[in-house]
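Counted from 1, the sequence shown has number 222 at position 223 by numbering that gives the first Met the number 0; the numbering is strictly sequential.
Ideal Cβ positions, reconstructed from N, Cα and C, are used throughout, including at glycine.
Since the structure is predicted, the reported quantities are computational estimates derived from the model, not experimental observations.
Input: a single structure, listed below in C-alpha cells.
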Amino acid sequence: MSLPNPPTKIVETDILVVGGGMAGCGAVFEAKYWCGGKCKVTLVDKAKVEKSGAVGMGLSACNLGVFTTDPDDPKPEDFVYYVRNDFLGIVREDLVYDIARHMTSTIKLFDEWGLPIWRDPKTGKYMRTGRWQHPIHGESYKAIIAEACYKSADEVYERVAVTHPLMDERVPNRIAGVVGFHVRDGTFYVFKAKAVIVAAGGTSLLYRPRSVGEGMGRTWYPTWASGSALAIPILAGAEATSLEFRLIVVRFKDAYGPVGFPYLLLKMRSTDVKGKQWEPLPDEAKAELSKIFFDYAWAKPTPTPIRTWVTVTNLKQGRGPDIMQTQERLPDHESLHVLFEDYLDMTPTQAFYWAANNIHPEKTPSELLPTEPYIQASHASPGAMWASGPADIAPPEYKWGPNRMLTVEGLFGAGDTVGGSGHKFSSGSFTEGRIAGKSAVRYVLTQAKDYKPTVSSDTIERYKEIVYRPLVWYHMNKPLTTTPETPHTNWYEIHPNYLNWHQLLLRLQKIMDEYVAGWGMFYVTNEYLLNRAVELLRMLEEDFRFAAAASYHELLRVWEVYHRLLVGQGVTVSMLHRKESRGYYFNADYPYIDETNWHVFVNARRDPKTGQWSVRTVPLIHILP
Ligand code: SFD
Ligand code: AMP
0 MSLPNPPTKI
10 VETDILVVGG
20 GMAGCGAVFE
30 AKYWCGGKCK
40 VTLVDKAKVE
50 KSGAVGMGLS
60 ACNLGVFTTD
70 PDDPKPEDFV
80 YYVRNDFLGI
90 VREDLVYDIA
100 RHMTSTIKLF
110 DEWGLPIWRD
120 PKTGKYMRTG
130 RWQHPIHGES
140 YKAIIAEACY
150 KSADEVYERV
160 AVTHPLMDER
170 VPNRIAGVVG
180 FHVRDGTFYV
190 FKAKAVIVAA
200 GGTSLLYRPR
210 SVGEGMGRTW
220 YPTWASGSAL
230 AIPILAGAEA
240 TSLEFRLIVV
250 RFKDAYGPVG
260 FPYLLLKMRS
270 TDVKGKQWEP
280 LPDEAKAELS
290 KIFFDYAWAK
300 PTPTPIRTWV
310 TVTNLKQGRG
320 PDIMQTQERL
330 PDHESLHVLF
340 EDYLDMTPTQ
350 AFYWAANNIH
360 PEKTPSELLP
370 TEPYIQASHA
380 SPGAMWASGP
390 ADIAPPEYKW
400 GPNRMLTVEG
410 LFGAGDTVGG
420 SGHKFSSGSF
430 TEGRIAGKSA
440 VRYVLTQAKD
450 YKPTVSSDTI
460 ERYKEIVYRP
470 LVWYHMNKPL
480 TTTPETPHTN
490 WYEIHPNYLN
500 WHQLLLRLQK
510 IMDEYVAGWG
520 MFYVTNEYLL
530 NRAVELLRML
540 EEDFRFAAAA
550 SYHELLRVWE
560 VYHRLLVGQG
570 VTVSMLHRKE
580 SRGYYFNADY
590 PYIDETNWHV
600 FVNARRDPKT
610 GQWSVRTVPL
620 IHILP
C-alpha cells in the first residue's frame with residue numbers, strides 16, 4: 000500500500016446516530032417515527048448493523064422485560080429499588096424509572112417484529128427467568144432489530160468508524176458533527192448534524208483480559224466494544240459519571256459464558272472447590288461484610304458486586320475457583336438442551352468449549368471466574384456519561400436540557416453511553432435509544448430549528464491529517480525495520496520508530512491491570528498506584544504520535560485503542576477521587592464503604608483543549624423513599 004490519499008465525503012443531516020447497536024437502532028426507529036418527513040435521520044456504524052455490537056452473536060434473554068398493570072408483573076418502582084441496591088446506592092433513579100415505564104411497548108414491538116420470546120403455555124404470558132427477564136430464542140436477535148432500523152433510517156453508512164467529534168466554531172460547547180473513515184476503502188467521512196446521538200457501545204479490552212496468548216480474542220463483553228460510546232463524548236468535553244464503578248462479572252472460566260440463565264432459569268448453585276456455599280455466614284464474617292458493603296450486603300437479591308466479591312474472596316483464600324454445580328440440575332435431556340441452546344444463542348464459544356474439553360455439564364461441574372473489568376452502563380454498572388433527565392421526574396439538579404442530552408449542547412446518548420444508570424441490557428438500551436431519539440427530534444424541530452453547523456474546511460483538513468497520521472507514519476518509517484508488514488503477528492518485534500496498535504493495546508492493558516485494580520491485582524489498588532497510573536497513561540497518550548498502521552484495518556485498531564485509553568484515564572482519575580471502596584474494587588488506603596461521606600456521584604471531565612481531567616463530587620438525589 001502506498002501513501003494514502005483518500006477522498007473526502009461530506010454528509011449533512013438533522014439527526015446523526017453514531018452506532019447501530021441496540022440503543023442506536025432504537026434511536027433511529029423512534030426518531031424517524033416522530034420526524035416523519037420533517038427531518039432526516041442518518042446512521043453510521045463501524046460494522047454491519049445486522050451483526051454488530053454486543054448482540055452480534057445473539058442473546059438468550061431480553062434481560063429487561065415488561066412492566067404492566069397486571070398484579071403479577073413487577074412495577075417500575077420495584078425495578079428502581081432493585082437497581083439502587085445492585086449499584087450499592089449510586090444511581091440516577093430518574094433515568095432508571097424512565098426506561099422501565101417504556102419497556103412494555105418495546106417488548107411488544109420486538110414480538111411483532113418476529114423475535115421468538117418464550118411464552119408460558121398455560122397463561123400465554125411472556126415467560127420470566129428472573130423477575131425482569133424474558134427468555135428468547137435469540138440467535139437472530141440483532142438481525143431482527145437491524146431490519147426495523149434499516150427500514151426507518153433515511154441513510155445508513157456502514158463500515159465507517161467514527162474517530163472524533165466536530166465542535167461548532169461559532170457556538171461554544173456545541174457539537175456540530177463527527178468525523179471518521181471507511182474501514183475498507185479509506186474514504187474520509189465528515190458528518191454535520193443538528194443533533195448527534197452517540198450509542199457506540201461499551202468498553203472491553205481496556206484491562207488485560209484473562210484470555211491471553213492462546214485464548215486471546217475471547218472476552219465476555221465483545222472485543223470490538225472499544226469504548227467509543229464514552230470516548231467520543233469525552234473528546235467533545237462532555238462530563239462522565241461513576242467511571243470508577245467498573246463492571247466485573249462472574250462468568251464460566253475461559254469461554255466467558257454468562258451465568259444468569261443457569262442461576263435463574265435452571266436454579267443452579269455454585270460453591271467453592273470444597274463444595275461449600277458462602278451462606279450461611281458466621282457472625283464475624285457478617286460484621287466484616289457490613290463494613291465492606293454497608294446495609295446493601297443484606298439486600299435481596301444479593302447485589303452483583305457482592306456476588307463477584309464472594310468469588311474473588313474464595314479465589315484469594317485458596318478455595319477457588321468457584322464451581323457451578325451444573326450436574327445437579329440437569330436431570331433430563333430437555334434441561335441439557337435448554338442449557339446448550341442458551342449458549343448457542345448467545346455465547347457459542349461456551350458450548351464449543353465444553354465440547355472441546357470433554358465437559359459434559361450433566362455429569363461434570365464447570366469452573367467460574369470473575370472477569371477483567373469492563374466500562375459500560377447497560378449491565379450491572381453505571382460508568383459512562385452524565386445525561387439530563389426526563390422533564391417530568393428528574394430533579395432540577397439533573398435537568399439542564401432535553402432528556403438524554405449530555406453536558407454538550409446537541410449531543411445525546413443512550414445505552415452504554417448514559418451513566419448513573421444500568422440494568423438496561425439489550426431491550427432497555429433499545430428503549431433508552433427510543434427515548435433519546437424522540438427527545439432529539441423535538442430538539443431539532445424546536446430549539447435547534449435554525450441551527451447550522453459551522454465547521455471550517457481548515458478544521459476538516461486538520462482532522463483528516465490527524466486521522467490518517469498512523470498510516471503516513473508507518474510508510475515513512477517502515478524502511479527502518481526488518482519486519483514492517485507483519486506488525487500484528489510479530490507484535491513482539493521492536494520497531495525503532497513506531498508502535499503498532501497491538502503494542503499500544505498491550506501497554507494500556509498492563510497499566511490498567513497492574514495499577515488500576517485489574518484481575519492481576521485481585522481488583523485492589525491504592526493512591527500510590529493510581530497516581531502512577533495517571534502519569535503512565537499520560538505518557539502513553541503522548542506516545543500515540545508514534546502510532547503506526549499498515550492498513551485501514553490497523554488504522555481502525557489504533558483509534559479503538561485511543562478511545563480505550565481515554566476511558567482508562569477517566570476511570571483512573573475517578574477512582575483517585577473516591578476516598579472509599581465501593582462497587583467491584585478495593586482501594587487499600589480506604590478499604591471500606593463510607594456511606595456518610597461518599598453516597599455521591601463522582602463526575603469527571605477532560606478539557607478538550609488541554610487534555611487535563613477535572614473531577615467533582617455531585618450530590619445524589621433519591622426520588623423514591
Ligand atoms: O446475560 C461504532 N447483554 C445482554 N442483554 C440482554 O438483554 N440479555 C442477555 O442475555 C445479555 N447477556 C449478554 C449481553 C452482552 C453480551 C456481549 C453477552 C451476553 C455475551 C448486554 C447487551 O448486549 C447490551 O447491554 C446492549 O447491547 C448494549 O447496547 P448498546 O447499543 O449500548 O451497545 P451495542 O449493542 O454494543 O452497540 C454499539 C454499536 O456501536 C458501533 N460502534 N460505530 C461507529 N464508530 C465507532 N467508533 C463505533 N464503536 C462502536 C458498534 O459496531 C455497534 O453497532 S448477559 O450476559 O447479560
Ligand atoms: P448474567 O447472565 O450474569 O449477565 O445475568 C443476567 C441477568 O440475571 C441479570 O439481570 C443479572 O442481574 C441476573 N442474575 C444473574 N445471576 C443472578 C443471581 N445469582 N441472582 C439474581 N440475579 C442474577
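Closer than 8 angstroms: residue i CB and nearest the ligand SFD heavy atom
i	result
D44	yes
K193	no
K423	yes
I231	yes
G19	yes
V54	yes
S269	no
W308	no
Y220	yes
E559	yes
W612	no
A228	yes
L564	no
M345	yes
A355	no
W223	yes
Y641	Residue 641 lies beyond the stretch modelled for the chain, which goes from 0 to 624, so this question has no answer here.
Other residues of its chain near residue i: CB distance less than 7 angstroms, five sequence neighbours each side excluded
i	result
R328	L265, K266, M267 and S334
Y220	A53, G201, S203, Y373 and Q375
S380	F244, R245, L246 and G421
Y342	G256, Q349 and A350
V311	P369, F521 and Y522
L536	I510, L564, G567, Q568 and T571
Cβ shell of residue i (< 6 angstroms), same chain only, five flanking positions each side left out
i	result
P607	G236
K437	E29 and W33
N496	N476 and L479
P394	I620
M574	E243 and L529
K578	Y589
V309	W277
I459	V189
G427	L63 and I98
C24	I144 and C148
Distance between residue j and residue i (C-alpha atoms, nearest Å)
i	j	result
A355	T307	27 angstroms
D72	G113	23 angstroms
S139	K45	20 angstroms
W223	D282	45 angstroms
W472	F545	7 angstroms
F429	H474	42 angstroms
M384	H359	43 angstroms
R433	L410	15 angstroms
F585	F86	15 angstroms
M404	M538	32 angstroms
K47	G57	14 angstroms
N4	V417	37 angstroms
S289	A296	6 angstroms
E371	G419	21 angstroms
K31	P6	30 angstroms
M323	W558	38 angstroms
A254	T346	8 angstroms
L229	T445	27 angstroms
Anticipated Cβ contact below 8 angstroms, residue i with residue j, distance rounded
i	j	result
L42	V155	5 angstroms
A152	V27	5 angstroms
R217	E408	Incorrect: roughly 40 angstroms between the Cβ atoms, too far for contact.
G88	Q132	The Cβ separation is near 23 angstroms, so there is no contact.
Same chain only: Cβ atoms within 8 angstroms of residue i, ignoring 5 sequence neighbours per side
i	result
L280	L288
S365	F251, K252, I322, M323, T325, W353 and I358
Interface flag, residue i vs chain B, CB-CB below 9 angstroms
i	result
G113	Note that chain B does not occur in the displayed structure, where there is just one protein chain.
Original post:
What residues sit near the ligand NAD, counting only those whose C-beta is closer than 5 angstroms to one of its heavy atoms, in chain order?
Top reply: With respect to the ligand NAD, the structure shown offers nothing to examine, as its ligands consist of the ligand SFD and the ligand AMP.
**OP:** Return the chain-ordered ranges of every beta strand (DSSP E) run that is complete within the segment 169–231 and spans a minimum of 3 residues.
**Re:** For the segment 169–231, whole beta strand (DSSP E) runs of length 3 or above, ordered along the chain, are 174–181, 187–191 and 194–197.
**OP:** Could you tell me which uninterrupted alpha helix (DSSP H) segments, each at least 4 residues in length, are contained entirely in the segment 295–342, listed from first to last along the chain?
**Re:** Annotation: the segment 295–342 contains the following complete segments of the alpha helix (DSSP H) (minimum length 4 residues), in chain order: 303–315.
**OP:** Quick one: which unbroken beta strand (DSSP E) runs of 3-plus residues sit fully inside the segment 374–414? Chain order, please.
**Re:** Complete beta strand (DSSP E) runs here, min 3: 410–412.
Original post:
Where in the segment 20–66 do unbroken runs of the beta strand (DSSP E), each at least 3 residues long, occur, reported from the N-terminal end onward?
Top reply: DSSP runs (the beta strand (DSSP E)) wholly in the segment 20–66: 40–43.
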